[in-house]
Amino acid sequence: MKFVDTDSETLQWFPTFMQWKSADEREEWAELCALAVLHAHDENPKRRRIKGLRKLLSAFVENLSDLTPADQAFLFIPDPDQMPVPAFILMVESEGERGATLRQMVQADAASLVRPVELDPFTSERLGEGLRSTRYWSTADDQLMVTVRYGWRVEDVGVDLCFYMVWNDPGQMATYADAVDDFARSLFISDGRQV
0 MKFVDTDSET
10 LQWFPTFMQW
20 KSADEREEWA
30 ELCALAVLHA
40 HDENPKRRRI
50 KGLRKLLSAF
60 VENLSDLTPA
70 DQAFLFIPDP
80 DQMPVPAFIL
90 MVESEGERGA
100 TLRQMVQADA
110 ASLVRPVELD
120 PFTSERLGEG
130 LRSTRYWSTA
140 DDQLMVTVRY
150 GWRVEDVGVD
160 LCFYMVWNDP
170 GQMATYADAV
180 DDFARSLFIS
190 DGRQV
């Protein structure tokens, strides 16, 4: 089975499961992530701070599969004092005309509240030429949201791949846009899975 992996060395992106085998497995994952994030920002984080972040991360990833259809997820934690942002991956067998499929994956023609969907070519050394879109939209209670999507057709393995994030803070998305682009370029398709 094929999975998407990364060789990013930043302590901001953490692979996570969409569903957990047990609460203990989820808690262990959350503890490791909390320790990594806090030690990256503070040489000696207080135990209370570690426990607080562990609880937040555990609760955050408990029901990721309820949020959106996806095959895999990463959690973006650029700062321990900000809410993490999930990043999702969908991978399907290649189908249809490449250009039209990529446009559909990145929602290039979807309605956008503030301005038309921003669509740009996006190249990754490992995944090839693809597209990146930025789309602003509004929730039922008028919360401004932004979705950033990347799409590739990876011919040598015959799959279409979409990597996407939904932000409830467009300013935060803009702040981390380069970090997200860098992470997207670090992705590759692997035959094994590591979490």
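Reminder that position 170 of the sequence shown reads as 169 in numbering that gives the first Met the number 0, one-by-one numbering, no gaps.
The beta-carbon is built from N, C-alpha and C at its ideal position, and this holds for glycine as well.
Query, Result
"Straight-line Cα distance separating Asp-23 from Ala-35", "18 Å"
"Cutoff 7 Å; reference Ala-109; Cβ partners in own chain excluding five residues on either side", "Val-116, Arg-134"
"Length of the line joining the Cα atoms of Ser-185 and Leu-130", "15 Å"
"3-residue-minimum beta strand (DSSP E) runs that sit fully inside the segment 106-139, ordered along the chain", "117-123, 127-137"
"Simplified DSSP assignment, three categories, for Ile-49", "helix"
"Residue interval of the beta strand (DSSP E) (run including Leu-160)", "158-166"
"Same chain, Cβ closer than 6 Å to Trp-136, five either side skipped, listed in chain order", "Leu-112, Met-144"
"For Tyr-149: DSSP bridge partner residues", "Arg-131, Phe-162"
"In DSSP terms, what Asp-4 is bridged to", "Phe-187"
"Outcome for Gln-106 when other beta-carbon atoms lying within 10 angstroms are tallied against a minimum of 16", "buried"
"Per-residue burial, Ser-57 [other beta carbons within 10 Å of its own, 16 or more giving buried]", "buried"
"Bridge partners - Pro-85, DSSP secondary structure assignment", "Leu-74"
"Length of the line joining the Cα atoms of Phe-182 and Leu-52", "23 Å"
"For Leu-56, the three-state DSSP class (helix, strand or coil)", "helix"
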